[in-house]
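Residue numbers (our numbering): 6 to 276.
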Amino acid sequence: MKKRYYIYFFCITLFLGQISCSTQKKTTSSSSVEKESSVKLNYQQQEISSANLSNINVSFNYNGNAISSRASLKLLRDSVIQISVQPILGVELGRVTITPTKVVAINKLQGRYFEANINQFLKQVDTQGVFSQLQSLLLNELFIAGNVEKDPEKLINQFKISRFPEGYFLQSQNNIQDLKTEHVINYDNRISMTMFSYKGATLTCSFKQHSLFKNKTYYPTQIILSFAYGKQNETVILDIKNATFNQPFVVNSINTDHYRKVTNLEDLFKK
Numbered sequence: 006m007k008k009r010y011y012i013y014f015f016c017i018t019l020f021l022g023q024i025s026c027s028t029q030k031k032t033t034s035s036s037s038v039e040k041e042s043s044v045k046l047n048y049q050q051q052e053i054s055s056a057n058l059s060n061i062n063v064s065f066n067y068n069g070n071a072i073s074s075r076a077s078l079k080l081l082r083d084s085v086i087q088i089s090v091q092p093i094l095g096v097e098l099g100r101v102t103i104t105p106t107k108v109v110a111i112n113k114l115q116g117r118y119f120e121a122n123i124n125q126f127l128k129q130v131d132t133q134g135v136f137s138q139l140q141s142l143l144l145n146e147l148f149i150a151g152n153v154e155k156d157p158e159k160l161i162n163q164f165k166i167s168r169f170p171e172g173y174f175l176q177s178q179n180n181i182q183d184l185k186t187e188h189v190i191n192y193d194n195r196i197s198m199t200m201f202s203y204k205g206a207t208l209t210c211s212f213k214q215h216s217l218f219k220n221k222t223y224y225p226t227q228i229i230l231s232f233a234y235g236k237q238n239e240t241v242i243l244d245i246k247n248a249t250f251n252q253p254f255v256v257n258s259i260n261t262d263h264y265r266k267v268t269n270l271e272d273l274f275k276k
């Protein structure tokens, strides 16, 4: 159950606990992958200390209805991740702030907030590892779910690498129980897909249309997040309209004294 909470954590923190990202697991047939025992991959990872995605269009289906919203994301490496949703004319509806030790989700419309120690929230999963890997996912970096290793050169050695029509297909080895991680790295040295799964639950992130932003940083202009668990299958599309990297910015906090605290995350959006 720990690994199941681990996967749900990514979905909850990305979409304020209400928006579950999802579609069918993207599978790769054995005929489409050329298996080689000595495939070499010279992967070079960018150095990003901060990311400010100030204008994101979010599209998803909720109860059969197509919904669009505006959002923003701020990330300071190894420090904080903050996601804000502003569906109407820039008016903030809610915010999630994640640190290596704590998660705070605020529903400003209904005056509620949820706060928890990540260790308690994730049922004793390694907290530093979870934050680090969520960070890597958002920065389009290499990682292995449940593995605290950050050095890309050391991480590469922990994957089984095969040639793939779009580049290289990486499958994690020595998985923690059934928690698996897979990446596709294209011939431009960009991660075009990341997928991790635990038993029946799968999160697939497709990174599309990498563009060169200021400070010579490449980043996808579209991210498609797909979550599949049982009969639950939905998709969230993030279109990044404006982003800056390795530039200083302020991460503002909210005084929760004016909000009512809820014990369970699911109570945050109850009517």
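Note that the Cβ used here is the ideal one computed from N, Cα and C, for glycine as well.
Counting along the chain, Glu-187 sits inside the beta strand (DSSP E) bounded by residues 184-191. The stretch 67-81 and the stretch 259-269 do not touch, with fewer than three beta-carbon pairs separated by less than 8 Å. Setting aside the 5 residues that flank it on each side, Leu-142 is surrounded in the same chain by Phe-15, Phe-148, Thr-199, Cys-210, each with a C-beta closer than 8 Å to its C-beta; the list follows chain order.
Annotation for Gly-116: His-263, Tyr-264, Arg-265 place their beta carbon closer than 8 Å to its own, counting only its chain and skipping 5 residues before and after. Under the criterion of beta carbons closer than 8 Å, Gln-227 and Lys-246 do not qualify as touching, at roughly 10 Å.
Taking the Cα of Lys-155 as reference, the smallest distance to any Cα among Phe-136, Asn-260, Pro-170, Leu-208 is reached at Phe-136.
Our two residues, Arg-168 and Phe-174, have alpha carbons roughly 6 Å apart in a direct line.
If you ignore the 5 residues before and after Glu-171, its C-beta comes within less than 7 Å of the C-beta of Val-189, Asn-191, Ser-197, all in its own chain and listed in chain order. Each of Ile-88, Lys-219, Arg-100 was checked against the Cα of Leu-139, and the nearest Cα belongs to Ile-88. Residue pairing from DSSP places Tyr-118 in a beta bridge opposite Ile-111, Lys-266.
Inclusion of Ile-53 and Asn-251 in the CB contact set at 9 Å is warranted, their separation being smaller than that value. Rounded to the nearest whole angstrom, the CA to CA distance from Ser-202 to Asn-238 is 14 Å. Inter-residue distance for Gly-99 and Asn-57 is about 18 Å (C-alpha atoms, whole angstroms). Within the same chain, and ignoring the five residues on either side of Gly-205 in sequence, the residues whose Cβ sits closer than 7 Å to its Cβ are Tyr-234, Gly-235. Taking each of Phe-254, Arg-82, Leu-243, Phe-274 in turn and checking the Cα distance to Asn-60, the smallest one comes out for Leu-243. With fewer than 16 neighbouring CB atoms inside 10 Å of its own CB, Thr-106 falls in the exposed class. C-alpha of Glu-158 to C-alpha of Tyr-48: approximately 8 Å in a straight line. The beta carbon of Gln-163 lies closer than 8 Å to those of Ile-149, Asn-152, Glu-154, Ser-177, Gln-178, Asn-179 in the same chain, with the five residues before and after it left out. Within the same chain, Cβ atoms closer than 6 Å to the Cβ of Thr-261 are found at Tyr-118, the five residues on either side in sequence being excluded. Residue pairing by DSSP places Tyr-48 in no beta bridge whatsoever.
CA-CA distance, Phe-232 to Thr-186, rounds to 14 Å.
Between Thr-249 and Lys-219, the C-beta gap is smaller than 9 Å, which places the two residues in contact. The three-state secondary structure of Glu-239, taken from DSSP, is strand. Taking C-beta atoms as the reference points, Thr-240 and Leu-230 count as a pair closer than 9 Å. Residue state for Asn-257 is assigned as coil, using DSSP reduced to three classes.
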